[in-house]
Amino acid sequence: MKHSIKIQLSLIFSGLMAVTVFFCWFINNTFLETYYMDKKQSTLMTVYHRLNEAFADGSVTTDEFNIELQKLCGKYNISVLVLDENSKALMATMHDPEIFKKQLLDNIFLSNSHPELERVLQKTDHYVMRSTLNPQTNTEYIEMLGFLEEGNLFIIGTPREGIMESVEIANRFLIYAGLTAALLGGIVILFVSGKITKPILELAGISEKMIHLDFQTKYEGKKSNEIGMLGENINKLSSALEQTISELKTANNELQKDMERREQLDEMRKEFLSNVSHELKTPIALIQGYAEGLMENIQEDAQSREFYCEVIMDEAARMNDMVKKLLSLNQLESGNDIVTMEHFDVREMVETFLQSVDILVKQKKIHVQVDGASPCYVWGDVYKTEEVIRNYFSNALHHCSGENIIHVKLFKKNDKVRVSVFNTGNPIPGESLPHIWEKFYKVDKARTREYGGSGIGLSIVKAIMESMNEQFGVINYENGVEFWFELAVN
Numbered sequence: 168m169k170h171s172i173k174i175q176l177s178l179i180f181s182g183l184m185a186v187t188v189f190f191c192w193f194i195n196n197t198f199l200e201t202y203y204m205d206k207k208q209s210t211l212m213t214v215y216h217r218l219n220e221a222f223a224d225g226s227v228t229t230d231e232f233n234i235e236l237q238k239l240c241g242k243y244n245i246s247v248l249v250l251d252e253n254s255k256a257l258m259a260t261m262h263d264p265e266i267f268k269k270q271l272l273d274n275i276f277l278s279n280s281h282p283e284l285e286r287v288l289q290k291t292d293h294y295v296m297r298s299t300l301n302p303q304t305n306t307e308y309i310e311m312l313g314f315l316e317e318g319n320l321f322i323i324g325t326p327r328e329g330i331m332e333s334v335e336i337a338n339r340f341l342i343y344a345g346l347t348a349a350l351l352g353g354i355v356i357l358f359v360s361g362k363i364t365k366p367i368l369e370l371a372g373i374s375e376k377m378i379h380l381d382f383q384t385k386y387e388g389k390k391s392n393e394i395g396m397l398g399e400n401i402n403k404l405s406s407a408l409e410q411t412i413s414e415l416k417t418a419n420n421e422l423q424k425d426m427e428r429r430e431q432l433d434e435m436r437k438e439f440l441s442n443v444s445h446e447l448k449t450p451i452a453l454i455q456g457y458a459e460g461l462m463e464n465i466q467e468d469a470q471s472r473e474f475y476c477e478v479i480m481d482e483a484a485r486m487n488d489m490v491k492k493l494l495s496l497n498q499l500e501s502g503n504d505i506v507t508m509e510h511f512d513v514r515e516m517v518e519t520f521l522q523s524v525d526i527l528v529k530q531k532k533i534h535v536q537v538d539g540a541s542p543c544y545v546w547g548d549v550y551k552t553e554e555v556i557r558n559y560f561s562n563a564l565h566h567c568s569g570e571n572i573i574h575v576k577l578f579k580k581n582d583k584v585r586v587s588v589f590n591t592g593n594p595i596p597g598e599s600l601p602h603i604w605e606k607f608y609k610v611d612k613a614r615t616r617e618y619g620g621s622g623i624g625l626s627i628v629k630a631i632m633e634s635m636n637e638q639f640g641v642i643n644y645e646n647g648v649e650f651w652f653e654l655a656v657n
């Protein structure tokens, strides 16, 4: 392969490791000694301030302070000597304080006799901090000496280790270890990237054949870049497959509907007009009667007039809702409403719908359960499928009783996905089951009118499912009713 990802990854990984090692070496070589000196000076300042505090508050003779000071000295390899005004040692943490005592007194009362061996780091009215070389042991020290705030003489010292030698050794080891790690890492990443790119190449070969709807053939090919080839083929696969199947199913669906549309059109119009006139007769009569009562002042008190107005408004709202549903049903049955077949996740649609009606569910104190794999992709008209779910769930909501449970299930059945809505309550009477899909049929007319039902919802479900050439139905149980519909997976 011309530009193999395996080689690219190995070279990039090895280069990054080499650059990282060089950067670490440069940082160590440039700043480690300065950082080390700053930390040493900061430690001496900490001990100095702590001595001032202890002498000021009188805690210098306590066991707690002695333990604290011993810990600091042991941790940072520090020696402390404090003298009173008579040059008597008040505090000493070293075994032989005389050397430090002489050094302190010489520097306080005598001028510096070896300026070439010393370098002042900090200087104030109370103390001086310096780097000094002991010519006898050839050992460098960082010393802080002067007067405490209480007037006592002090010297604090710590040996300065051979930091440059340590830096050189550390940098040399870092270079060797880093280059070795970069080489081994490049070999490992070469092996690992080979494992990663092998299935990608196989998948790219499969996608190449799937573009031509050949799902069984295995293909092996070579491109300039594995990921580029995979992305190109997967994109072609997705667009070609979805567009081809969508157009095929839409065209096939329209063809089947056209064969029945002409014969059913006149009959549906006649049935539509007959049913509308029948269903509108009652609300119109109520509106007319109550309106005449208002005009003739049959009830003169305000409460009765308000009641008459509420009846008129309720019946008008029922008529408006029924007319909208009838118009929608007429569009479906006449074939004027085009069905667009799309590939979508029906489980996501169910969950989104349940979120929108959550407040109604809580008001009725109903427990809703949803079972089924997610995602669950099917073919169908998205908006019409949502209308079916809405009608099924609305019926379940209004007729739910007993344990007050609504159970929505999605499960695959061969090449179909069945979506069902079950609610606890009374089953539908056997003699009513064949008629519930008919327009304006009501099992319990009194109850249907109570919650504003028109008897059209299930007719709309029937028209939608027939427009998509899919199955639907209802199942009675001892403790409730289950409505279902199916959609194709492929």
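Everything in the sequence shown is counted per the numbering used here, starting at 168 for the first residue and increasing by one. Even glycine gets a Cβ: it sits at the ideal position worked out from N, Cα and C. Note that this is a predicted model, so its numbers are computed, not measured.
Exercise for review: Determine the closest residue to I682 out of M635, E515, K606, with distance taken between C-alpha atoms.
Suggested key: Examination of residue 682 is not possible in this model, given that the chain is present from 168 through 657 alone.
Exercise for review: Sort F321, G456, V188 by Cα distance to A337 and report the nearest one.
Suggested key: V188
Point to revise | Candidates T507, R339, T325, of which the one nearest L415 by Cα | key: T507
**Study point:** Option in I533, R327, F267, R557 with minimal Cα separation from M516
**Key:** R557
Exercise for review: Alpha carbon to alpha carbon, how far is T364 from T325? Give it in angstroms, no decimals.
Suggested key: 58 angstroms
**Study point:** Supposed close pair L350, S181 - CB separation, criterion 8 angstroms
**Key:** 7 angstroms
Check your understanding: Do three or more CB pairs link the stretch 637-649 to the stretch 575-589 at distances below 8 angstroms?
Key -> yes
Review point. Would the beta-carbon of V549 fall within 8 angstroms of that of N590?
Key: no
Point to revise | Short Cβ contact (8 angstroms threshold) for F321 with L236 | key: no
Exercise for review: Buried or exposed for H566, please, with buried defined as at least 16 other CB atoms from any protein chain shown within 10 angstroms of its CB.
Suggested key: buried
Check your understanding: Span of the beta strand (DSSP E) holding N593?
Key -> Neither: N593 is in no beta strand (DSSP E) and is coded neither H nor E.
Review point. Just how far apart, CA to CA, sit V575 and V535?
Key: 8 angstroms
Practice item. Tell me where the beta strand (DSSP E) around I322 begins and ends. Key: 320-327
Review point. From L357 to I179, what distance separates their C-alpha atoms?
Key: 11 angstroms
Check your understanding: If you follow the alpha helix (DSSP H) that V506 is part of, which residue opens it and which one closes it?
Key -> Looking at the DSSP string, V506 is not in any alpha helix (DSSP H), and its letter there is neither H nor E.
Point to revise | Close beta carbons around V247, own chain, < 6 angstroms, minus the five adjacent residues each side | key: T260, I323
Practice item. Entirely within the stretch 518-589 and at least 4 residues each: give me those alpha helix (DSSP H) ranges in chain order. Key: 525-530, 549-566
Review point. Short check: CB of E554 to CB of I631, under 8 angstroms?
Key: yes
Point to revise | 6 angstroms CB neighbourhood of F650 in its chain, flanking five on each side removed | key: Y559, V588, V641
**Study point:** Start-to-end residues for the beta strand (DSSP E) that takes in Y644
**Key:** 639-644
Practice item. Please name the residue or residues paired with A655 in a DSSP beta bridge. Key: W546, K583
Review point. Thinking C-beta only, is G313 closer than 8 angstroms to V295?
Key: yes
Exercise for review: Specify, as a first and last residue, the run of the alpha helix (DSSP H) that K606 falls within.
Suggested key: Here K606 belongs to no alpha helix (DSSP H), and DSSP marks it neither H nor E.
Point to revise | S662, buried or exposed, once every other Cβ within 10 Å from all chains shown has been counted against 16 | key: For the chain, the structure presents residues 168 to 657; residue 662 sits outside this window and is missing.
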